[in-house]
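Take a look at the structure below.
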Amino acid sequence: MNVKISAVVVTYNNEKKIEGCLESLEGIADEIVVVDSLSTDGTRKIATQFTDKIIKHSSTDYAFLKNLGQKASANEWILSLEPYERLSTRLRLELLKLRSQSVEVDGFYIPRRSFYIYRWIRHSGWYPDYRVRLYQKEKGSWKKEKNRIFLDFSGRAKKLKSPVEHLGFSSISEQVIHINRIAERRAQELYARKKKTRLDHLFFWPAAKFLYVYLLKLGFLDGFAGLVISTLSAYSVFLKFAKLKEIWKKGEKIEFMPGCR
């Protein structure tokens with residue numbers, strides 16, 4: 001794979017984790033492109049230690065910002081990473097080996113391993129979480145449909161073995177805040193489509209979600225962390241429909257909360 005790689009990272013107030021992310025890209029990415037959504041902390045200052053290609057933009061549209069970074073990249077291959085992620089040591093070695101080989105595909109699926117409540121999660125629907133992260137620029141672009149943002153990839157891809165390390169939630173409290181924000185957004189989207197909450201949405205669906213994650217996705221093998229993930233997964237379903245019910249009861253017009261677009 002005698003080609004050069006551009007790593008694209010979209011940031012917003014990630015000063016606590018961005019250094020580890022960018023540091024892991026050194027020696028792997030020939031170019032690092034940081035697209036910053038007007039951070040108010042030290043994110044951009046830290047990023048300047050690793051790259052001079054920092055794009056500032058006021059948009060909060062993640063798909064737009066990802067595509068902006070991709071268009072600004074100088075190389076044929078794109079490596080997509082989040083500011084709270086980093087390349088594992090094993091993945092770095094696998095990518096270095098890959099670069100010395102001939103490649104006949106257009107992209108690579110890379111697994112993601114999450115660190116949560118002081119342990120690596122190996123089940124609970126969080127792992128292996130394969131996604132196309134390394135791909136030819138012309139074969140992929142980012143899109144947003146309803147409540148889903150995804151890479152629209154059209155090409156042949158194969159799987160790599162070693163994972164990206166995901167350090168998204170520092171605590172249970174941080175995850176609960178995230179769940180509340182997402183539930184608010186999705187409730188408003190359902191309200192806009194004139195959907196209403198039924199009793200089974202509040203009882204059966206959350207219970208089914210818990211059983212799905214804890215039993216079918218083997219959350220119980222992740223110990224206490226797996227129990228928390230399963231419970232909060234159920235809570236996120238309940239909260240979404242509870243908030244939808246609240247909106248209908250208040251008869252409010254849709255006023256999107258900051259950060260919910």
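Quick note: this note's numbering has the sequence shown finishing at residue 261, numbered continuously throughout. Ideal Cβ placement from N, Cα and C applies to all residues, glycine included. Every value quoted in this text rests on a predicted model; they were computed, and no experiment measured them.
### Query
Out of Leu38, Leu211 and Glu23, which has the shortest C-alpha to C-alpha gap to Glu31?
Glu23
### Phe241 to Thr197 span [Cα, whole Å]
6 Å
### Query
Does the distance from the C-beta atom of Ala63 to that of Lys146 stay below 8 Å?
no
### Message
Just to confirm before moving on: does the CB-CB distance between Tyr84 and Leu167 stay below 8 Å?
### Response
yes
### Query
Sorted by chain position, which residues of the same chain lie with C-beta nearer than 6 Å to Asp129's C-beta, five sequence neighbours on each side aside?
Arg112
### Query
Looking at C-alpha atoms only, which residue of Val35, Ile46, Lys45 and Asn67 is the closest neighbour of His57?
Val35
### Query
Can you tell which of Thr60, Ser171, Asp61 and Lys71 has the C-alpha that lies nearest to the C-alpha of Lys53?
Lys71
### Query
Are there 16 or more other CB atoms within 10 angstroms of the CB of Lys161, so buried, or fewer, so exposed?
exposed
### Query
Would the C-beta of Lys195 count as close to the ligand MG, meaning under 7 Å from any of its heavy atoms?
In the structure shown, the ligand MG is absent, as is every other ligand, since no ligand is present at all.
### Message
Let's test the definition: count the other Cβ atoms within 10 Å of the Cβ of Leu95 and tell me whether it reaches 16, buried, or not, exposed.
### Response
buried
### Task
Have a look at Leu79 and Lys250 and give me their C-alpha separation to the nearest angstrom.
45 Å
### Complete alpha helix (DSSP H) runs within the segment 175–221 (minimum length 4 residues, chain order)
199–202 and 204–211
### Query
If you follow the alpha helix (DSSP H) that Gln101 is part of, which residue opens it and which one closes it?
Segment: none, Gln101 is in no alpha helix (DSSP H) and carries neither H nor E.
### Query
Do you know how far the Cα of Ser114 is from the Cα of Gly223?
14 Å
### Message
Which of the three DSSP states is assigned to Glu165 in this structure?
### Response
strand
### Query
How would you call Thr43, buried or exposed, if buried means at least 16 neighbouring beta carbons within 10 angstroms?
buried
### Query
Hey, how far is the Cα of Trp248 from the Cα of Glu19?
44 Å
### Query
In this structure, what does DSSP give as the bridge partners for Ile55?
Val35
### Query
Applying the criterion that 16 or more other CB atoms from any shown protein chain within 10 Å of the CB defines a buried residue, is Arg86 buried or exposed?
buried
### Task
Look at the Cβ atom of Ser236, then the Cβ atom of Val213, and state whether they are nearer than 8 Å.
no
### Message
Just verifying my parser: in three-state terms, what is the DSSP assignment at Thr48?
### Response
coil
### Task
Can you tell me which of the three DSSP states Glu85 falls into?
strand
### Query
What does a CB cutoff of less than 6 Å around Leu221 pick up in its chain, not counting 5 residues either side in sequence?
His123
### Query
Going along the chain, which residues of its own chain have a beta-carbon closer than 6 Å to the beta-carbon of Ala234, five neighbours each way excluded?
Pro206, Lys209 and Phe210
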